[in-house]
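Participant: Attaching a single structure in structure tokens format; questions to follow.
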Amino acid sequence: MFGGFHDDRGTSDKLTISILRAIQNQNEPIHLCSACVTDFNDTVEKGLHKPIIYGIGINVQDGQIYPATFLDKGPDEWIRHARIYGGVRGMVEIYNSTYKELRIMPYDYRHGMRPVDMQFFRDAPDEFILQNLSTSPHCEPPDFVSITRATLDHILAHPKPLITVFSEGKPRVYRRLDGVEHWTRINS
22 MFGGFHDDRG TSDKLTISIL RAIQNQNEPI HLCSACVTDF NDTVEKGLHK
72 PIIYGIGINV QDGQIYPATF LDKGPDEWIR HARIYGGVRG MVEIYNSTYK
122 ELRIMPYDYR HGMRPVDMQF FRDAPDEFIL QNLSTSPHCE PPDFVSITRA
172 TLDHILAHPK PLITVFSEGK PRVYRRLDGV EHWTRINS
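Listed below in structure tokens is the structure:
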């Protein structure tokens with residue numbers, strides 16, 4: 022398990038605990054062999070804490086671990102981010118290892134930003150978005166602002182996700198099918 026760092030708000034600590042709980046609740050036995058998380062994945066540059074490793078890859082033949090960046094973040098990235106900006110808190114598990122499916126459960130917005138505020142942020146300069154909508158602006162990936170704008174656009178286009186995004190209140194379900202490179206949606 023890799024990720025997180027010593028952030029000012031303690032967000033990484035809370036997420037790490039949530040992830041460990043999710044691992045503990047799995048039906049299959051999971052043997053945690055490495056945990057480079059929070060303070061163990063922290064470095065200080067110019068007086069600011071940041072992660073040493075943002076992502077990893079594993080060579081399945083020899084078990085070697087190496088830093089990696091992934092361009093594909095999975096399906097419905099904007100829908101997954103919109104949940105948070107819409108005021109729905111807490112980590113959710115979206116991958117079901119029993120069924121080998123990625124499930125985005127239905128949600129509705131609660132106490133999130135008002136539409137006028139979303140429009141304001143969407144149209145704001147990049148640096149303003151970075152400084153005001155990030156928990157750690159100094160170590161966000163280069164696509165943070167573009168993803169944030171796309172997420173705000175999605176929320177503005179779908180103010181009632183239970184009607185326009187989750188038809189009949191059903192989750193959006195995806196699988197990796199044999200011979201297909203990307204996730205395939207298996208329900209409508």
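In this note's numbering, the protein residues as written are 22 to 209. Ideal placement from N, C-alpha and C gives every residue a C-beta, glycine not left out.
Check residue 23 in the structure and name its three-state DSSP category.
Facilitator: Reading the sequence shown from its first residue, position 2 is the one you call residue 23. Three-state DSSP puts residue 23 in a strand.
Participant: Bridge partners for residue 78 per DSSP, in chain order?
Facilitator: The sequence position of residue 78 within the sequence shown is 57, counting from 1. In the DSSP output, where bridge partners are listed per residue, residue 78 has 87.
Participant: Residues bridged to residue 63 by DSSP?
Facilitator: In the sequence shown, the residue the question calls residue 63 occupies position 42. In the DSSP output, where bridge partners are listed per residue, residue 63 has 72.
Participant: With a cut-off of 8 Å on the beta carbons, I'd call residue 43 and residue 98 a contact; round off their distance for me.
Facilitator: Here residue 43 refers to the residue found at position 22 when the sequence shown is read from its first residue. Here residue 98 refers to the residue found at position 77 when the sequence shown is read from its first residue. In fact, because the Cβ distance is near 20 Å, the residues do not count as touching under 8 Å.
Participant: In three-state terms, what does DSSP make of residue 54?
Facilitator: Taking the sequence shown and counting its residues from 1, the one referred to as residue 54 is at position 33. Residue 54: coil per DSSP, three-state reduction.
Participant: Could you tell me which residues DSSP pairs with residue 122 in its beta bridges?
Facilitator: Position 101 of the sequence shown, counted from the first residue, corresponds to residue 122. Partner(s): 117, 196.
Participant: Would you grab the beta carbon distance between residue 88 and residue 79 for me? Rounded to a whole angstrom, and I think it's under 8 Å.
Facilitator: The residue given as residue 88 occupies position 67 in the sequence shown. The residue given as residue 79 occupies position 58 in the sequence shown. No, residue 88 and residue 79 are not in contact; Cβ-Cβ is about 11 Å, not under 8 Å.
Participant: By Cβ distance, which residues of its chain are closer than 7 Å to residue 158, with the 5 residues on each side in sequence left out?
Facilitator: What you label residue 158 is simply residue 137 of the sequence shown in a count that begins at 1. Excluding positions up to five away in sequence, the list reads 151, 152.
Participant: When the Cβ atoms of the region 118-135 are set against those of the region 174-191, are three or more pairs found closer than 8 Å?
Facilitator: Touching, yes, given that three or more Cβ pairs across the two stretches are closer than 8 Å.
Participant: Who are the near neighbours of residue 124 in its chain, counting only those whose CB is closer than 7 Å to its CB and skipping five residues on each side?
Facilitator: Locating residue 124 in the sequence shown gives position 103, counting from the first residue. Answer for residue 124: 115, 117, 192, 194, listed in chain order.
Participant: If you draw a straight line from the C-alpha of residue 41 to the C-alpha of residue 52, how long is it?
Facilitator: For the purposes of this step, residue 41 is identified with residue 20 of the sequence shown, where counting begins at 1. For the purposes of this step, residue 52 is identified with residue 31 of the sequence shown, where counting begins at 1. Approximately 12 Å between the Cα atoms of the pair.
Participant: Are there any heavy atoms of the ligand MG lying less than 7 Å away from the beta-carbon of residue 53, as far as the coordinates show?
Facilitator: You won't find the ligand MG in this model; it holds no ligand whatsoever.
Participant: In terms of residue numbering, what span does the beta strand (DSSP E) encompassing residue 169 cover?
Facilitator: On the sequence shown, position 148 is the one that residue 169 refers to. It is not in any beta strand (DSSP E) - residue 169 instead sits in the alpha helix (DSSP H) that spans 165-178.
Participant: How would you label residue 68, buried or exposed, when you count the other beta carbons within 10 angstroms and need 16 or more for buried?
Facilitator: If you number the sequence shown from 1, residue 68 lands on position 47. Exposed, since its Cβ has fewer than 16 Cβ neighbours within 10 Å.
Participant: So what's residue 131 in DSSP terms, helix, strand or just coil?
Facilitator: In the sequence shown, the residue the question calls residue 131 occupies position 110. Coil.
Participant: I need the boundaries of the beta strand (DSSP E) containing residue 206, first residue and last residue.
Facilitator: For this step, residue 206 is matched to residue 185 along the sequence shown. Element bounds for residue 206: 204-206.
Participant: Please report the residue range of the alpha helix (DSSP H) in which residue 183 lies.
Facilitator: Numbered from its first residue, the sequence shown carries residue 183 at position 162. Looking at the DSSP string, the run of the alpha helix (DSSP H) that includes residue 183 is 182-185.
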